[in-house]
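Protein chains: 2
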Amino acid sequence: MFLNYQISDMKKFTVETFLFLMIGLSFHAQSLKSPDGKFEMDFQLKQGVPYYNLKYNGKTVVEDSRLGLRLFNVTGTIPDITKPENATFDLNNGFTKTDEKRNAKNETWQPILGEKKSYVNHYNELAVALNQTATDRNIIVKFRLFNDGLGFRYEFPQQKNLNYFTIREEDSEFDFPTDMKTWWIVGDYDSQEYPYQTTKISEIPSKWEQAFDKHSSQTLIQNAVQSPLMLKKEGKEPLYINVAEAAVLDYPASNLEVDPQNFKFKTHLTPDRQGAKGYIQTPSATPWRTIIVAPKAETVLDSKMLFNLNEPTKYKDTSYIHPTKYMGVWWEMIIGKSQWAYGEPKTNIHIGKTDYSTIKPNGKHAANNTKVKEYIDFAAENGFDGLLIEGWNIGWEDWINHSKEFVFDFITPYPDFDIKMLNEYAHSKGIKLIMHHETSGSATNYERWADKAFQLMNKYGYDAVKTGYVGDIIPRGEHHYSQWMINHYYRIAEKANEYKIMINSHESVRPGGESRTYPNWVSAEAARGTEHEAFLGNNPDHQTILPFTRWIGGSMDYTPGIFQTKLDYYFPGDKRFVKTTLAKQLALYVVMYMPVQMAADLPENYKKHMDAFQFIKDVAADWDDTKILSAEPGDYIITARKAKGTENWFVGGITDENKRDYTVDFSFLNKGKKYEATIYEDGKDADYINNPQSYNIYKKEITSKSKINFKMARSGGFAVTIKPLD
Amino acid sequence: MFLNYQISDMKKFTVETFLFLMIGLSFHAQSLKSPDGKFEMDFQLKQGVPYYNLKYNGKTVVEDSRLGLRLFNVTGTIPDITKPENATFDLNNGFTKTDEKRNAKNETWQPILGEKKSYVNHYNELAVALNQTATDRNIIVKFRLFNDGLGFRYEFPQQKNLNYFTIREEDSEFDFPTDMKTWWIVGDYDSQEYPYQTTKISEIPSKWEQAFDKHSSQTLIQNAVQSPLMLKKEGKEPLYINVAEAAVLDYPASNLEVDPQNFKFKTHLTPDRQGAKGYIQTPSATPWRTIIVAPKAETVLDSKMLFNLNEPTKYKDTSYIHPTKYMGVWWEMIIGKSQWAYGEPKTNIHIGKTDYSTIKPNGKHAANNTKVKEYIDFAAENGFDGLLIEGWNIGWEDWINHSKEFVFDFITPYPDFDIKMLNEYAHSKGIKLIMHHETSGSATNYERWADKAFQLMNKYGYDAVKTGYVGDIIPRGEHHYSQWMINHYYRIAEKANEYKIMINSHESVRPGGESRTYPNWVSAEAARGTEHEAFLGNNPDHQTILPFTRWIGGSMDYTPGIFQTKLDYYFPGDKRFVKTTLAKQLALYVVMYMPVQMAADLPENYKKHMDAFQFIKDVAADWDDTKILSAEPGDYIITARKAKGTENWFVGGITDENKRDYTVDFSFLNKGKKYEATIYEDGKDADYINNPQSYNIYKKEITSKSKINFKMARSGGFAVTIKPLD
């Protein structure tokens with residue numbers, strides 16, 4: 005069976021690799037099995053070089069893949085490494101095994117906000133201690149094998165000969181035996197907001213050059229793709245594979261370089277301007293490299309591996325962290341109907357010096373008292389918790405593309421934004437305003453003002469902030485995902501915790517389950533969200549891929565809920581449109597896990613569809629249970645979720661550019677109990693291009709024995725509210 | 005006369021330049037004269053390119069020298085400038101003159117701390133407005149001509165086509181007609197602590213490679229020298245010339261590139277890691293380029309031009325700023341007798357995590373309660389104001405060379421340093437402890453902790469801090485003198501002012517008169533100070549050059565007062581020694597203007613020479629008047645100063661490696677008044693190598709008619725205290 009598989013599936017199988025395997029075994033490879041016995045992994049040293057592999061049900065998922073890091077031989081200023089005296093001593097060869105420790109855990113823990121009431125963390129662990137003889141340096145390679153895949157990382161104990169070092173590159177390899185289908189976005193140090201490509205591994209280089217558009221800050225990595233990466237081994241016995249990273253702390257985020265001939269990927273860390281990819285002080289550990297593997301796509305969506313690989317929070321008080329449903333003075337600026345800035349565009353602003361009473365208003369400033377009160381009224385009438393207001397603070401006239409460090413102070417409102425009055429008005433109606441801190445990438449400036457900014461929030465009763473990092477980073481030469489910026493995001497999260505403030509960050513790094521440790525970082529953008537529908541657009545399959553990639557490590561602030569999908573409504577002749585039906589917009593609230601959940605459209609549009617809007621009003625944002633009913637990346641996702649502390653269920657289904665039927669089997673409901681289902685589905689003539697606003701709504705009594713067939717239009721969907729009839 | 009001078013002195017004079025001059029004149033050069041009429045400068049456009057020149061007494065001091073800046077054509081991330089699409093539009097050509105404004109000022113102002121009671125600011129001003137036709141951008145070149153030389157700068161008004169730009173280089177030229185003697189240190193972006201070289205301009209490149217030693221952070225600039233630069237045109241009509249810069253704010257500090265064939269220098273700004281030399285938002289102005297010119301060296305030392313070119317302070321309260329005489333727990337660490345660190349060297353410290361109760365003490369930690377109390381006792385007994393203690397806070401075990409960002413927290417004392425007790429003890433004896441904030445170059449970390457650090461100082465009654473920037477800068481890739489760091493120093497100064505704290509910075513940028521605007525930045529190191537005597541040593545002429553260079557823009561914390569000059573006293577066989585006599589050490593307190601004045605040696609050494617120590621106890625640190633009696637850079641300086649608010653005078657004289665006689669004429673004293681002079685002079689057998697501690701002390705009654713001849717030993721000197729006998 006084993007050899008059969010090798011011969012039939014492995015293009016690269018040769019006598020040499022067979023002999024290598026034999027030699028490897030003779031070196032006493034360390035083996036580890038998952039708790040359910042289905043996974044097995046081996047670690048071995050081949051002539052001092054560390055390798056691992058991974059099998060599922062006896063079949064190779066990852067072939068022998070190299071492990072290790074390359075270093076600069078000095079810390080601090082990076083030397084000219086072409087000079088012999090700057091030769092490095094890498095941590096990727098010359099090792100002998102000195103020890104091996106095994107461990108196991110089977111625990112259940114409760115996320116503060118989550119998709120289920122509790123998550124299971126069940127793994128077997130192997131820690132291999134290695135000594136590099138020539139330098140007498142010790143590292144540990146630690147593996148955790150779960151029932152849904154493998155995590156591994158490098159650990160650097162405090163020791164005589166390894167106290168400080170600087171990383172040139174981490175070369176953790178993922179060597180797959182066969183070409184596979186993959187869903188990817190281009191590698192980049194500064195942007196994740198790219199459209200997904202669906203190709204074979206071997207096709208990535210040829211498609212790479214056409215796979216990106218222009219962003220406000222981007223630093224592309226040729227022939228690299230981003231982590232998390234989704235793959236599928238097609239065929240009779242399909243395997244769904246997700247390669248990602250967890251617990252990316254005090255370390256840069258990684259991309260994956262592609263070797264298209266060998267179907268191999270390797271880590272490619274985000275550098276700083278000096279080319280350094282991490283300044284390390286021992287004791288220390290890298291992030292976990294993760295490989296989720298399952299025969300069913302649904303299992304990948306269900307995996308909590310990345311969260312399990314993070315540490316429990318040390319926060320003493322998490323009572324202030326709560327799910328949030330919010331509206332925002334936002335979409336109207338995104339589409340160009342109004343503006344963030346108060347003054348004429350491109351007015352030259354010096355924060356702290358410019359006298360705004362002398363600035364000519366542009367007449368399109370959205371965050372004004374009158375408009376904000378209207379939004380408050382509508383949000384309050386419809387049961388929302390929060391209202392985001394962007395463009396409330398001075399500086400937006402020239403906030404971008406100038407490498408301007410002192411771009412915002414985060415504390416001074418525009419003349420037409422009465423911060424005290426508006427907060428009091430909102431609170432009187434049960435709404436909390438949501439703060440907005442756009443940094444324009446000037447992280448040093450934000451750190452300087454963060455205390456004052458959070459103090460202002462405490463003063464007026466804000467408990468959540470949307471942060472933004474649009475544009476090139478300051479410190480200049482740092483990247484959005486370099487180590488310094490990773491540390492910045494967590495510094496801000498920790499400081500926000502001191503002030504009992506929740507963070508929803510945009511243009512920040514993609515999460516790797518760190519919300520377990522930093523639970524006040526409640527959501528993030530870190531991918532191509534709804535706003536891109538008003539730029540170059542998202543593909544109809546976009547939302548069926550994101551949960552397999554961006555969502556694997558934490559929730560996304562996708563900002564769905566656009567009912568007026570065609571923008572020619574605002575601007576006659578405008579070709580832009582949101583590439584979904586209205587019913588699909590509703591379904592996104594269930595398919596996409598969002599504890600911070602926005603209804604992004606304008607009140608005027610919701611007012612025209614109050615019947616459909618009812619779903620957004622009803623849908624929960626925090627959950628006791630989640631069932632992935634059916635899913636295929638790039639095609640469709642059908643999800644059922646049980647609202648926190650209730651017997652209410654919500655079901656959402658979405659499809660890609662193809663029409664699709666799906667029959668929901670309600671057997672997940674309590675047996676013998678009756679429920680009222682309110683169904684929101686595409687109208688018969690619905691179509692994301694020709695008739696996006698066509699939908700049907702009807703109610704139906706259902707039980708756990710019920711089955712309902714839903715017909716989804718092209719880029720359509722359906723949503724169901726289920727409440728017990730007792 | 006004019007033509008004679010040209011022909012006899014100008015090596016480069018040709019028919020072409022003569023014609024050019026004629027053409028220049030035909031373009032109606034703008035001329036400006038100094039208030040006393042001795043200086044004349046011309047501005048002219050030659051085919052759209054701006055030039056200036058400078059004459060003194062009708063003779064050319066600076067030939068036609070180009071002005072202008074080169075730019076990057078985008079702000080933010082710096083593009084590949086080799087690509088045609090990134091071609092730049094420099095601000096150095098294509099100009100037409102659109103306006104010309106003249107102005108004049110004659111004011112007297114009072115420095116908060118200074119060498120005289122008041123400084124005279126007297127100049128004529130010419131502001132030439134230029135328009136670059138092709139881009140419709142406007143700049144102003146502003147000239148101020150004083151009776152001691154020229155200052156000029158570029159101003160960028162706010163305007164339609166010039167709001168933000170990024171500087172590639174400022175190319176302000178200083179084209180001298182002849183080869184000259186010059187006193188210089190090698191150009192560097194990160195260190196100023198080099199030994200001075202004395203060569204012709206034309207010899208700089210050949211001497212450059214041997215002109216530096218290794219520093220903890222250094223980024224040398226081949227064939228560049230540092231500003232301020234001292235030059236001398238030798239001959240029958242000598243001229244002393246100092247090229248420097250003033251008001252270096254929101255802009256990098258500059259070096260000077262050498263063109264040895266043409267005796268020309270041009271500005272070379274300090275870049276950031278991207279190669280950018282200033283991110284500018286209009287309205288803005290560059291620093292002033294300054295050229296002090298005088299027939300006498302004494303006039304250069306007397307010049308206050310750099311201070312005059314800075315703005316008056318905007319601080320509302322400067323009452324907390326005071327001159328300080330201090331001792332320090334410092335020299336014993338510098339020489340290696342004790343240590344900053346509490347634990348064993350190279351212990352791996354994680355601030356906030358490491359438990360110091362588990363760290364093994366190294367037994368050599370100087371900043372301990374017992375020792376600090378001994379220093380307090382001695383300082384108090386001898387009338388000092390302050391005591392600096394370095395190594396009081398945790399983190400010194402591994403503070404350097406690791407590019408470690410969180411290296412210090414500035415608030416946590418070592419276990420053996422009782423901050424509360426020691427401050428109370430000090431205050432009970434009339435001593436204020438002086439805080440020490442070594443940043444290890446980690447400026448981002450210091451900014452993060454500055455508020456807490458200053459709050460701690462307020463809590464315990466510290467009102468002054470010595471800051472330090474040893475090592476490579478974080479943000480990584482920034483330099484000690486790049487724009488970001490310049491802004492950092494002033495951010496810290498402004499924040500310190502909020503807490504009523506004075507700053508004495510080390511390894512910071514050399515000053516350019518900015519203390520007029522930021523008077524709480526009371527002193528700085530920013531050159532090779534006494535500490536280098538314990539490293540590779542300072543040359544005997546070092547102290548005779550520093551006042552002509554480093555001191556031109558502000559006071560230096562030179563930390564003199566070493567009585568035990570030979571270090572074999574501590575370590576038998578140690579070859580290191582301070583290369584002056586003891587008497588010269590005393591003279592430095594007068595020759596070097598130091599409102600923050602250290603007596604750097606150990607109490608045990610002062611106790612052996614209490615008669616000589618009496619001069620340090622008596623000497624003032626703030627002055628009503630200063631007379632430079634005689635000076636020649638690299639040879640000698642004789643200075644008399646009148647102590648603030650008294651009739652006491654102090655005289656100091658120093659010489660280089662040569663013995664030298666000097667007769668002080670006391671005619672600066674009030675006529676008809678009798679004074680008691682206490683004279684501290686080299687002993688007859690004194691010699692900086694063979695007998696540095698030989699000195700004589702005697703008293704003498706003197707009047708304004710007195711003259712006393714002083715014999716200075718090799719690297720010797722003399723000091724005089726003069727008190728009225730009423």
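First to last, the protein sequences are chains A and B. Numbering-wise, our numbering puts 675 at position 671 of the first sequence, and it's gapless, one number per residue. Numbering-wise, our numbering puts 666 at position 662 of the second sequence, and it's gapless, one number per residue. Where a beta carbon is used, it is the ideal one built from N, C-alpha and C, also for glycine.
(request) Would you identify the three-state DSSP class for residue 348 of chain A, choosing helix, strand or coil? (result) coil
(request) In the DSSP assignment, find the beta strand (DSSP E) that holds residue 228 of chain B and state where it starts and stops. (result) 224-230
(message) Rounded to the nearest angstrom, what separates residue 716 of chain A and residue 704 of chain A at their Cα positions?
(response) 18 Å
(message) In the DSSP assignment, the alpha helix (DSSP H) including residue 209 of chain B goes from what residue to what residue?
(response) 208-212
(request) Would you check if there are 3 or more beta carbon pairs closer than 8 Å linking the segment 235-248 of chain A to the segment 448-458 of chain A? (result) no
(request) Taking all protein chains shown into account, decide if residue 589 of chain A is buried (16 or more other Cβ within 10 angstroms of its Cβ) or exposed. (result) buried
(message) Once DSSP output is grouped into helix, strand and coil, what is the label at residue 121 of chain A?
(response) coil
(request) Examine the Cβ distances between the segment 623-639 of chain A and the segment 594-608 of chain A and report whether three or more of them are shorter than 8 Å. (result) yes
(request) Could you pull out every residue in the same chain whose Cβ sits closer than 8 Å to the Cβ of residue 408 of chain A, ignoring the five residues on either side in sequence? (result) 402, 444, 446
(request) Note the first and the last residue of the continuous beta strand (DSSP E) segment covering residue 487 of chain A. (result) Note, residue 487 of chain A: premise wrong, no beta strand (DSSP E); alpha helix (DSSP H) at 487-502.
(request) Could you tell me if residue 370 of chain A is buried or exposed, where buried requires 16 or more neighbouring beta carbons within 10 angstroms of its beta carbon? (result) buried
(request) Just the chain A side, please: which residues come within less than 8 Å of residue 285 of chain B by C-beta, in chain order? (result) 352, 354, 406, 408
(message) Between the alpha carbons of residue 689 of chain A and residue 587 of chain A, how many angstroms are there, rounded?
(response) 12 Å
(message) Here's the rule I'm using: 16 or more other beta-carbon atoms within 10 Å means buried, otherwise exposed. How should residue 356 of chain A be labelled?
(response) exposed
(message) Below 9 Å on C-beta distance, what does residue 168 of chain B contact in chain A?
(response) 352, 402, 405, 406, 407, 408
(request) Leaving aside the five residues before and after residue 16 of chain B along the sequence, list all residues of the same chain whose C-beta is less than 6 Å from its C-beta, in chain order. (result) With a pLDDT of only 42 at residue 16 of chain B, under the threshold of 50, the placement of this residue in the model should not be trusted; the figure read from the coordinates follows. Nothing meets the Cβ criterion.
(message) Rounding to the nearest angstrom, what Cα-Cα distance links residue 732 of chain A and residue 645 of chain A in this structure?
(response) Since the displayed chain A opens at 5 and closes at 730, residue 732 of chain A lies outside it and no answer follows.
(request) Would you mind working out which of B:563, B:434, B:386 sits nearest residue 605 of chain B, comparing C-alpha positions? (result) B:563
(message) If we require 3 or more residues per run, which beta strand (DSSP E) segments fall completely within the segment 290-365 of chain B?
(response) 292-298, 328-333
(message) Closest to residue 799 of chain A by C-alpha separation, out of A:643, A:641, A:650, A:629, would be which residue?
(response) Since the displayed chain A opens at 5 and closes at 730, residue 799 of chain A lies outside it and no answer follows.
(request) Could you list which residues in chain B have their beta carbon closer than 9 Å to that of residue 448 of chain A, in chain order? (result) 448, 451, 479, 488
(request) On a CA-only basis, which of B:350, B:628, B:105 is nearest residue 128 of chain B? Give me that one, please. (result) B:105
(message) Excluding the 5 residues flanking residue 625 of chain B on each side, which residues of the same chain have their C-beta closer than 6 Å to its C-beta?
(response) 327, 329, 599, 601
(request) Tell me, please, whether the segment 380-396 of chain A touches the segment 332-349 of chain A by the rule of three or more beta-carbon pairs shorter than 8 Å. (result) yes
(request) Indicate the three-state DSSP secondary structure (helix, strand or coil) for residue 726 of chain B in the structure shown. (result) strand
(request) Name, in chain order, the residues that DSSP records as bridge partners for residue 95 of chain A. (result) A:73
(request) Assign residue 615 of chain A to one of three DSSP states: helix, strand, or coil. (result) helix
(request) Could you check the C-alpha separation between residue 284 of chain A and residue 169 of chain A for me, to the nearest Å? (result) 5 Å
(message) I need the straight-line Cα distance from residue 351 of chain A to residue 361 of chain A, nearest angstrom please.
(response) 13 Å
(request) State buried or exposed for residue 323 of chain B, treating a residue as buried only when at least 16 other CB atoms are found within 10 Å of its CB. (result) exposed
(message) Taking the beta carbon of residue 615 of chain A as the centre, do at least 16 other beta carbons fall within 10 Å, making it buried, or is it exposed?
(response) exposed
(message) Does the CB of residue 226 of chain A have a neighbour CB from chain B at under 8 Å?
(response) no
(request) Just confirm the distance between the C-beta atoms of residue 4 of chain A and residue 221 of chain A, as a whole number of angstroms; I'd bet it's less than 8 Å. (result) Any property of residue 4 of chain A remains undetermined from this structure, which presents chain A solely from 5 to 730.
(message) For residue 34 of chain B and residue 236 of chain B, what's the separation of their Cα atoms in angstroms?
(response) 28 Å
(message) Would you call the segment 558-576 of chain A in contact with the segment 279-299 of chain A, where contact means no fewer than 3 C-beta pairs closer than 8 Å?
(response) no
(request) Could you run through the segment 274-301 of chain B and flag, in chain order, every residue whose CB is less than 9 Å away from some CB of chain E? (result) Judged by its chain identifiers, the structure shown contains no chain E, and its protein chains are A and B.
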